[in-house]
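Single-structure report; data block below.
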Amino acid sequence: MGILIQHGTVVNADSTVQVDVLIEGEKIAAVGADLPADGHTLVDATGLLVMPGGIDVHTHLDMPFGGTTSADDYLTGTRAAAIGGTTAVIDFALQSRGHTLAEALATWDAKAVGNACVDYSLHMAITDLGPNFETLDEMQAMLDRGVSTFKLFMAYPNVLMIDDGLMFRVFQRAAKLNALCLIHAENGSAIDVVVAQTLAAGHTAPVWHALSRSTRAEAEATHRAIALADMAGATVYIVHLSNEDSLRELKHAQERGVRALAETCTQYLVLSLEEQMPDESFEAAKYVFTPPLREKKNQARLWEALADGALCVVSTDHCPFRFGDQKSLGKDDFTKIPNGGPGIENRMQLMWHFGVNAGLISPERFVALTAAEPARVFGMDSKGAIAVGKDADILLWDPKADYTISSATQAMATDYSMFEGWQVKGNVARVFSRGELIVDAGRFIGEPGRGKFLKRRANAGELF
Ligand code: URP
Ligand code: ZN
Ligand code: ZN
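Using our numbering, read the sequence shown as starting at 1170 and increasing by one per residue.
If you want it as structure tokens, here you go:
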């Protein structure tokens, strides 16, 4: 017998209808009005919205970075994701210089197996092509393993940053393989000059991290990455686009028919330089991530771009570090503050409250940005919609629920929340993942390790 969700309102990216949803095993077996009860377990969704589970395509779980390791591992991170209504994540495996992509995949696989609470997949970050460009040949092997997207960093010199030649070679190979390339777009070399000058002038407080990484440095790299991808015939996806200058570069390319996509992240939509980093206090270290917080005036442009389609996905770039013993590494020098912030648990609440409730996006667009487009862009054919044959990753959402965000009650492993004390309307009521009820009354009730690795197919050629 199955599970029949009755009396709810099903919201997909293209429709809102009052229909029942039947789950059989791991899949959605039927969607329709007044489906027969037939001995199924009945779930009353009166007053609730029935939506596809969220997909967060940009997370950094258990990642060594900035002299420490991100505070959420696969267990705590994906459990927090589930509690927040996200039923699949795509995390980043990082190639270590001098090592293969296969080694990176094995390392990240070991982190996830036995821990993941929701389904997960991996992007592969390329940092080294090898003396004879061996890494380019390994890209096909990654596709065979279901890792169909490659990430390149134009920032973090001497750590993750690659040069234009390497980036161009990866674009050329990706174009042949039909694979999507993800870009962290900031001019790392220019930023490093500004950072050195900033420190030499005696500026060490966290706010100077933000002030030394200008929107122009991000816009220049955005332009360059898109131009090089276009030259190579590749499709490119700019991660964590944070501001109006970069958006202008993206739109300009899109208007000319260039194959460029981009996401923004929740933090750029609701937090700002003026509000969160008003002075030289160390509290601002809680908001040190890259790209940094921008002036508030950028937020409206980002929301417009989410509504008009220039931006197609909202992710979190969840890369959490504790304030007490991790962010504090940079107490006397902002360059030593581990870059990243916690957000995997709050993405759906914030997008609903500040997007839908504020009238900036429709409920359907909310589904598109948080689930349907992530599934489409990243080749996750079994996810992203309430439809027959899809995985039964289903979010029962209470649009009337009031919730106060706090580190005291969150599932994420940080000792702070970037949204401490914020009151939002709209929250998760229940979450099903592949047909299993995994979140009820705010608690994760599944077994850690139940999350499966999701093989994704290379689909860059189908995205435009
Ligand atoms: O500050 C951030 N964003 N940390 C994670 C790594 C990255 O650049 O995405
Ligand atoms: Zn990045
Ligand atoms: Zn990131």
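The C-beta atom is built at its ideal place from N, Cα and C for all residues, glycine as well.
#1: Tell me the DSSP secondary structure of Y1456 in three-state form.
#2: Thinking C-beta only, is Q1264 closer than 9 Å to A1275?
#3: Starting from the Cα of F1622, find the closest Cα among T1210, H1292, R1491 and give me that residue.
#4: So, are the CB atoms of N1284 and D1242 less than 9 Å apart?
#5: Hey, R1463 and T1384: beta-carbon distance below 9 Å or not?
#6: In this structure, how does DSSP classify W1377 when only helix, strand and coil are distinguished?
#7: From G1236 to E1418, what distance separates their C-alpha atoms?
#8: Based on DSSP bridge pairs, tell me the residues matched to L1173.
#9: Can you give the Cα-Cα distance for H1372 and L1475, rounded to whole angstroms?
#10: Let me make sure I understand the geometry here. Which of G1595, D1562, F1588, I1555 has the alpha-carbon closest to that of D1571?
#11: Assign K1465 to one of three DSSP states: helix, strand, or coil.
#12: Give me the Cα-Cα distance between I1563 and S1450, rounded to the nearest whole angstrom.
#13: Under the rule that 16 or more other beta-carbon atoms within 10 Å means buried, what is K1466, buried or exposed?
#14: Could you tell me whether the stretch 1171-1178 touches the stretch 1210-1227, using the rule of 3 or more Cβ pairs below 8 Å?
#15: Bridge partners for L1218 per DSSP, in chain order?
#16: List the DSSP bridge partners of N1596.
#17: Could you tell me which whole alpha helix (DSSP H) segments of length 4 or greater appear in the stretch 1253-1324?
#18: Quickly, what does DSSP pair H1487 with across the bridge? List them, please.
#19: For the alpha helix (DSSP H) that contains Y1437, what are its first and last residues?
#20: If we ignore side chains and look at the alpha-carbon of each, how far apart do S1531 and G1299 end up?
#21: In chain order, what are the residues with a CB under 7 Å from some non-hydrogen atom of ligand 3?
#22: Quick check on the DSSP output: the beta strand (DSSP E) that includes G1357 runs from which residue to which?
#23: Using C-beta distances below 7 Å, list every residue in its chain close to G1194, excluding the 5 sequence neighbours before and after it, in chain order.
Checking against the coordinates, here is how it stands:
#1: helix
#2: no
#3: H1292
#4: yes
#5: yes
#6: helix
#7: 33 Å
#8: L1191, L1211
#9: 35 Å
#10: G1595
#11: coil
#12: 42 Å
#13: exposed
#14: yes
#15: T1178, W1566
#16: D1567
#17: 1270-1281, 1303-1313
#18: T1228, G1510
#19: 1435-1439
#20: 47 Å
#21: H1227, H1229, F1261, H1353, V1408, H1409, D1486, C1488
#22: No beta strand (DSSP E) contains G1357, which is instead part of the alpha helix (DSSP H) from 1357-1369.
#23: G1604
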